[in-house]
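K.L.:
Before I ask anything, let me first share the structure, which is written out below as structure tokens.
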Amino acid sequence: MATSRDYIKFGKVSILARRQEFAQSHKPLIKADKIPRTEAGYCVNDDNIAAIDFGTTSVSLAYSITSRLIRDAKDAGLGVNTLVLDREDHSNRVPNAILLKRNRRKLEVEDFGTSARKKFETKKASEYSQYVYFERIKMLLKRDQSIDRQTLVESFSGEKFYLVEVIAFILQCIKRKLIIQLNRNEDSFKTTDFYWVITVPAIWDARGKRMMREAAYMAGLLTESTNIDHLTPVSGRPLPLPIEVNPDKLSLALEPESAAFYSQKIVEGQITSDPSKAAIAHPTKYMVLDIGGGTVDVTSHVEVDGGVVVENIPIGNAWGGTQVNEAFSKLLQDIVNDPGFKKFLASRDQSQSMAILNGILYREFEDQKLLFGQGKTEEITINLPRPFAEFFDGALEAGTREMQGVEYEDDTLYIDRAVVELKLFSPVLDGIKKCALNAVKGNDYEVDTFYLVGGFGGCKYVHEKLSPAIKEVYSSKGRQCTVLVPPDPHLAVATGAVMWRKNPDIVKARRSDATYGIGICIVFDPNLHDEHYKYYDEEDGLYRCDNVFSVFLEKGELTKADEAITIGLVPFKQSNTQSLIEIYCTPDLGVQYIADKNGTEIVTKIGQLLIDIPNPDNLPKYQRKIDITMYFSDTEIQAKAKYCVNGKEVKTVCDFLSAK
Numbered sequence: 001m002a003t004s005r006d007y008i009k010f011g012k013v014s015i016l017a018r019r020q021e022f023a024q025s026h027k028p029l030i031k032a033d034k035i036p037r038t039e040a041g042y043c044v045n046d047d048n049i050a051a052i053d054f055g056t057t058s059v060s061l062a063y064s065i066t067s068r069l070i071r072d073a074k075d076a077g078l079g080v081n082t083l084v085l086d087r088e089d090h091s092n093r094v095p096n097a098i099l100l101k102r103n104r105r106k107l108e109v110e111d112f113g114t115s116a117r118k119k120f121e122t123k124k125a126s127e128y129s130q131y132v133y134f135e136r137i138k139m140l141l142k143r144d145q146s147i148d149r150q151t152l153v154e155s156f157s158g159e160k161f162y163l164v165e166v167i168a169f170i171l172q173c174i175k176r177k178l179i180i181q182l183n184r185n186e187d188s189f190k191t192t193d194f195y196w197v198i199t200v201p202a203i204w205d206a207r208g209k210r211m212m213r214e215a216a217y218m219a220g221l222l223t224e225s226t227n228i229d230h231l232t233p234v235s236g237r238p239l240p241l242p243i244e245v246n247p248d249k250l251s252l253a254l255e256p257e258s259a260a261f262y263s264q265k266i267v268e269g270q271i272t273s274d275p276s277k278a279a280i281a282h283p284t285k286y287m288v289l290d291i292g293g294g295t296v297d298v299t300s301h302v303e304v305d306g307g308v309v310v311e312n313i314p315i316g317n318a319w320g321g322t323q324v325n326e327a328f329s330k331l332l333q334d335i336v337n338d339p340g341f342k343k344f345l346a347s348r349d350q351s352q353s354m355a356i357l358n359g360i361l362y363r364e365f366e367d368q369k370l371l372f373g374q375g376k377t378e379e380i381t382i383n384l385p386r387p388f389a390e391f392f393d394g395a396l397e398a399g400t401r402e403m404q405g406v407e408y409e410d411d412t413l414y415i416d417r418a419v420v421e422l423k424l425f426s427p428v429l430d431g432i433k434k435c436a437l438n439a440v441k442g443n444d445y446e447v448d449t450f451y452l453v454g455g456f457g458g459c460k461y462v463h464e465k466l467s468p469a470i471k472e473v474y475s476s477k478g479r480q481c482t483v484l485v486p487p488d489p490h491l492a493v494a495t496g497a498v499m500w501r502k503n504p505d506i507v508k509a510r511r512s513d514a515t516y517g518i519g520i521c522i523v524f525d526p527n528l529h530d531e532h533y534k535y536y537d538e539e540d541g542l543y544r545c546d547n548v549f550s551v552f553l554e555k556g557e558l559t560k561a562d563e564a565i566t567i568g569l570v571p572f573k574q575s576n577t578q579s580l581i582e583i584y585c586t587p588d589l590g591v592q593y594i595a596d597k598n599g600t601e602i603v604t605k606i607g608q609l610l611i612d613i614p615n616p617d618n619l620p621k622y623q624r625k626i627d628i629t630m631y632f633s634d635t636e637i638q639a640k641a642k643y644c645v646n647g648k649e650v651k652t653v654c655d656f657l658s659a660k
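Quick note, the sequence shown lines up with residues 1 to 660 if you use my numbering.
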């Protein structure tokens with residue numbers, strides 16, 4: 001039987017030291033074991049599937065139903081359909097916007113998508129107090145943002161609400177649209193008849209992914225009884241963890257991976273139909289650049305033994321299509337000499353002024369941006385709403401006189417091609433190119449096919465600028481490549497997510513996006529450990545090293561689908577029946593301690609494990625061993641624990657959203 005000296009102590013628990021790597025400098029001081037995985041992360045699924053592509057600027061939903069074969073123009077023989085979210089425009093992708101109406105303490109969905117935006121923009125000033133409007137809230141979920149269950153989002157009226165609950169309202173609205181539309185055909189589908197998928201950027205960390213999962217629980221995506229009907233007033237009290245019902249019926253798909261499966265399937269279909277007309281031969285090494293409204297998200301795949309290995313560390317940045325809108329906003333602010341539009345916002349009710357600005361930047365300009373991006377116009381023409389034009393009448397005329405390439409006449413702004421390219425598109429394209437070329441270099445120029453997808457990635461202008469840049473660096477290496485835009489690139493993620501959920505086992509391995517681990521205390525070794533972290537453990541009667549970073553996985557390490565990470569622990573004290581283990585990550589390699597000598601943490605806490613450690617037989621603490629198994633190869637970090645005394649699984653909560 002192991003003694004106390006065989007255990008590694010941390011926080012309120014002690015880890016069984018299965019393996020210590022007495023490594024050289026800049027190597028982990030200790031690393032967890034890898035073991036064969038005994039169960040699949042997601043089961044292969046032939047049932048009904050619905051996948052929500054929750055984008056920054058817009059959303060779409062794709063679905064597959066086993067009871068009948070559904071085909072339309074968007075199906076392309078893929079066995080997947082996309083939901084019409086705006087019946088007036090017959091659009092399968094609509095703005096990520098929701099308008100809620102106050103009804104005493106509850107909130108009702110007034111409208112969603114394009115019609116929600118139109119209704120909000122046309123409300124009377126006296127009506128705005130009855131409504132709450134949100135748009136583009138996903139922009140708050142960036143990897144470098146410290147988010148938790150208490151993270152707030154501001155409505156267009158300036159009120160603040162909990163972000164996770166607002167996301168839940170949007171998911172609930174999309175869910176209802178699917179069920180209502182399907183049941184128009186005399187079907188009787190329920191929410192629980194579907195396996196649900198929500199897409200997330202590969203570059204997100206565990207906190208953003210967990211927020212989407214918890215929002216899905218709140219939205220009643222996995223049950224018929226739970227629905228959100230109010231927004232909790234902001235207070236100092238933390239939001240409770242939502243009840244997890246049917247968690248296995250929800251999975252998160254990585255956006256660029258989903259788009260990759262879609263793109264490959266399109267190519268396969270072309271080859272099968274008529275090889276002579278196919279754009280390319282079947283590629284086995286390919287890269288996807290998913291360029292949406294908010295982010296650039298890159299993945300590269302290698303096909304191996306009927307499956308796929310994701311070869312690159314998730315890479316991307318925030319140079320999505322909305323950056324063009326933001327560049328136009330800055331240009332307009334310069335013209336009217338009103339930084340941040342502060343004077344205009346102060347001139348009237350905030351909801352009304354925000355509605356006017358949003359209409360200019362994300363409806364009027366967005367339409368023109370799409371036309372320019374597809375090569376259908378040589379200049380951008382913006383019809384300014386009368387309240388804005390009246391407020392800035394003199395400033396608009398004066399500002400445009402001093403700005404070459406920009407004209408103003410009869411409430412209309414004219415921006416010529418040179419200005420559009422130089423000031424609006426070029427900075428964004430430079431950011432996209434930098435990300436793409438870094439990904440190419442990191443992949444050692446191994447891929448030979450590139451797919452451009454997403455609402456912005458699929459536009460003609462982006463392809464015309466990005467394709468030559470990629471081909472030029474390949475040519476400098478004496479190699480060739482193909483850069484393609486598949487059909488319906490704006491629906492690639494949602495459609496591909498359904499395909500992935502049908503066969504999640506296709507992904508055989510992924511590379512870790514960061515170095516993950518926990519902080520522990522181990523027996524002090526003068527040849528290995530820094531004296532600064534040395535302390536005397538009176539209970540065990542020996543010297544230990546504090547703040548050691550015990551590594552699960554290092555950044556870039558290949559984690560296979562059939563592997564798991566395992567550690568063992570015992571309670572820190574005899575009376576402990578629950579243990580809290582903090583999980584850390586860092587983008588760096590070679591980190592050996594969680595804090596520097598000044599006590600400042602040099603790794604980031606991203607979550608915690610809360611594990612039950614029962615003691616029904618009143619056993620000594622060192623006999624009450626718990627085996628923890630962690631899974632990093634799936635799209636989410638998952639964990640489970642087993643009480644070794646009786647071999648039974650114990651309750652394990654993997655919490656990435658509790659406030660620090």
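For each residue, glycine too, the CB sits at the ideal point set by N, CA and C.
D627: beta carbon under 6 Å from a heavy atom of the ligand GTP?
P.N.:
The ligand GTP is not part of this structure, which contains no ligands at all.
K.L.:
Does DSSP classify Y584 as helix, strand or coil?
P.N.:
In the sequence shown, the residue the question calls residue 584 occupies position 584. Strand at Y584.
K.L.:
Could you tell me which of K330, H532, K597, K640 sits nearest to R544, measuring between CA atoms?
P.N.:
Taking the sequence shown and counting its residues from 1, the one referred to as residue 544 is at position 544. Nearest of K330, H532, K597, K640 to R544, Cα basis: H532.
K.L.:
Output the distance between the C-alpha atoms of A509 and Y631, rounded to the nearest integer angstrom.
P.N.:
Translated into positions along the sequence shown, residue 509 becomes position 509. Translated into positions along the sequence shown, residue 631 becomes position 631. Cα to Cα, A509 sits roughly 12 Å from Y631.
K.L.:
Alpha carbon to alpha carbon, what distance is there between Y286 and E255?
P.N.:
Counted from its first residue, the sequence shown places residue 255 at position 255. Counted from its first residue, the sequence shown places residue 286 at position 286. Rounded to whole angstroms, E255 to Y286 spans 15 Å at the Cα level.
K.L.:
Determine the DSSP secondary structure at I611, reduced to helix, strand or coil.
P.N.:
Position 611 of the sequence shown, counting from 1, holds the residue named residue 611. Here I611 sits in strand by DSSP.
K.L.:
Look up A661 in the DSSP assignment and say whether it is helix, strand or coil.
P.N.:
Missing from the structure shown is residue 661; the chain here goes from 1 to 660 and no further.
K.L.:
Let me make sure I understand the geometry here. Which of S550, V523, V548, N547 has the alpha-carbon closest to that of E538?
P.N.:
Stepping through the sequence shown from its first residue, residue 538 is reached at position 538. Taking only the C-alpha atoms, the option nearest E538 is V523.
K.L.:
Quick check: what's the CA-CA separation for G320 versus L29?
P.N.:
Within the sequence shown, residue 320 is the residue found at index 320, counting from 1. Within the sequence shown, residue 29 is the residue found at index 29, counting from 1. If I take the Cα positions, the gap works out to 40 Å.
K.L.:
Considering G394, what are the terminal residues of the alpha helix (DSSP H) in which it resides?
P.N.:
Start at 1 with the first residue of the sequence shown, and residue 394 comes out as number 394. Looking at the DSSP string, the run of the alpha helix (DSSP H) that includes G394 is 393–401.
K.L.:
Where do the ends of the alpha helix (DSSP H) carrying T272 lie?
P.N.:
One-based indexing of the sequence shown puts residue 272 at position 272. From DSSP, the alpha helix (DSSP H) with T272 extends over 255–273.
K.L.:
What's the C-alpha gap between R213 and A439?
P.N.:
The residue you call residue 213 lines up with position 213 of the sequence shown. The residue you call residue 439 lines up with position 439 of the sequence shown. Taking the straight line joining both Cα atoms gives about 29 Å.
K.L.:
How is the beta strand (DSSP E) around P571 delimited, first residue to last?
P.N.:
Within the sequence shown, the letter at position 571 stands for residue 571. Looking at the DSSP string, the run of the beta strand (DSSP E) that includes P571 is 563–571.
K.L.:
When the Cα atoms are used, what is the spatial distance from K142 to S60?
P.N.:
Numbered from its first residue, the sequence shown carries residue 142 at position 142. Numbered from its first residue, the sequence shown carries residue 60 at position 60. Near 20 Å, if we compare the C-alpha coordinates of S60 and K142.
K.L.:
Sorted by chain position, which residues of the same chain lie with C-beta nearer than 8 Å to E21's C-beta, five sequence neighbours on each side aside?
P.N.:
If you number the sequence shown from 1, residue 21 lands on position 21. With a pLDDT of 36 at E21, under the threshold of 50, the modelled position of that residue is not reliable, and no figure is offered here.
K.L.:
On the DSSP bridge list, what partners appear for C545?
P.N.:
Taking the sequence shown and counting its residues from 1, one reaches residue 545 at position 545. BP columns for C545 point to I522, K534.
K.L.:
Given a cut-off of 7 Å on the beta-carbon distance, is the pair D53 and V493 in contact?
P.N.:
Residue numbering aside, residue 53 sits at position 53 when the sequence shown is read from its first letter. Residue numbering aside, residue 493 sits at position 493 when the sequence shown is read from its first letter. Result yes, Cβ atoms of D53 and V493 sit closer than 7 Å.
K.L.:
Report, in whole angstroms, the separation of the C-beta atoms of T295 and P201, which I expect to be a contact under 8 Å.
P.N.:
For the purposes of this step, residue 295 is identified with residue 295 of the sequence shown, where counting begins at 1. For the purposes of this step, residue 201 is identified with residue 201 of the sequence shown, where counting begins at 1. T295 to P201, Cβ: 5 Å. Contact.
K.L.:
Give the list of continuous beta strand (DSSP E) stretches no shorter than 3 residues that lie fully inside the stretch 173–248.
P.N.:
If we require 3 residues or more, the beta strand (DSSP E) runs fully inside the stretch 173–248 come out as 195–200.
K.L.:
Would you check if the stretch 120–127 and the stretch 336–355 touch, i.e. whether three or more CB-CB distances between them fall below 8 Å?
P.N.:
Touching, per the Cβ criterion.
K.L.:
Could you name the residues that DSSP lists as bridge partners for T629?
P.N.:
For the purposes of this step, residue 629 is taken as residue 629 along the sequence shown, with counting starting at 1. DSSP, once it has assigned bridges, lists T566, K640 as partnering T629.
K.L.:
Skipping 5 residues on each side, what residues in its chain have a beta carbon closer than 8 Å to that of H90?
P.N.:
For the purposes of this step, residue 90 is taken as residue 90 along the sequence shown, with counting starting at 1. So the qualifying residues of the chain are V84.
K.L.:
Answer yes or no: do E563 and R37 have a C-beta to C-beta separation smaller than 7 Å?
P.N.:
Position 563 of the sequence shown holds residue 563. Position 37 of the sequence shown holds residue 37. Yes, they are a contact pair.
K.L.:
For the putative contact between V166 and I137, defined by C-beta atoms under 8 Å, what is the C-beta separation to the nearest angstrom?
P.N.:
If you number the sequence shown from 1, residue 166 lands on position 166. If you number the sequence shown from 1, residue 137 lands on position 137. Rounded, the Cβ-Cβ distance is 6 Å, consistent with contact.
K.L.:
Threshold first: 4 residues or longer. Then list the alpha helix (DSSP H) segments lying entirely within the stretch 268–350, N to C.
P.N.:
Listed in chain order, the complete alpha helix (DSSP H) runs (minimum 4 residues) inside the stretch 268–350 are 322–336, 342–345.
K.L.:
Using a 10 Å radius around the Cβ and a threshold of 16 neighbouring Cβ atoms, would you call E88 buried or exposed?
P.N.:
Taking the sequence shown and counting its residues from 1, the one referred to as residue 88 is at position 88. It counts as exposed.
K.L.:
Less than 7 Å separating the beta-carbons of I581 and L542?
P.N.:
Within the sequence shown, numbered from 1, the residue matching residue 581 stands at position 581. Within the sequence shown, numbered from 1, the residue matching residue 542 stands at position 542. Against a cut-off of 7 Å, the Cβ pair of L542 and I581 comes out as no contact.
K.L.:
Given this structure, state the Cα-to-Cα distance separating V675 from Y133, to the nearest angstrom.
P.N.:
No answer is possible for residue 675: the residues shown for the chain start at 1 and end at 660.
K.L.:
Taking only the alpha-carbon atoms, compute the straight-line gap between F456 and I518 and give it to the nearest angstrom.
P.N.:
What you label residue 456 is simply residue 456 of the sequence shown in a count that begins at 1. What you label residue 518 is simply residue 518 of the sequence shown in a count that begins at 1. Approximately 39 Å between the Cα atoms of the pair.
K.L.:
Checking 7 Å against the spacing of the C-beta atoms, do F656 and G590 come in under that value?
P.N.:
The residue labelled residue 656 in the question sits at position 656 within the sequence shown. The residue labelled residue 590 in the question sits at position 590 within the sequence shown. No, Cβ-Cβ distance for F656 and G590 is not below 7 Å.
K.L.:
Who are T38's beta bridge partners in DSSP?
P.N.:
Position 38 of the sequence shown, counting from 1, holds the residue named residue 38. Bridge partners of T38: none, in fact.
K.L.:
By Cβ distance, which residues of its chain are closer than 6 Å to D111, with the 5 residues on each side in sequence left out?
P.N.:
Mapped onto the sequence shown, residue 111 falls at position 111. Around D111: L99, K119.
K.L.:
Compare the Cα-Cα distances from F261 to each of V309, I174, G236, S235 and report the closest residue.
P.N.:
On the sequence shown, position 261 is the one that residue 261 refers to. The shortest Cα separation from F261 among V309, I174, G236, S235 belongs to V309.
K.L.:
Locate the alpha helix (DSSP H) running through L429, then write down its first and last residues.
P.N.:
As a position in the sequence shown, residue 429 is number 429, starting the count at 1. Unbroken alpha helix (DSSP H) run through L429: 426–442.
K.L.:
Among the candidates D410, D546, I49, whose CA atom is the shortest distance from the CA of D195?
P.N.:
Residue mapping note: residue 195 aligns to position 195 of the sequence shown, counting from 1. A small fix is needed here, since residue 195 is Tyr in this sequence, not Asp. Checked all of D410, D546, I49; the closest Cα to Y195 is I49.
K.L.:
With DSSP collapsed to three states, give me the class of T666.
P.N.:
Any question about residue 666 goes unanswered here, given that the chain covers just 1 to 660.
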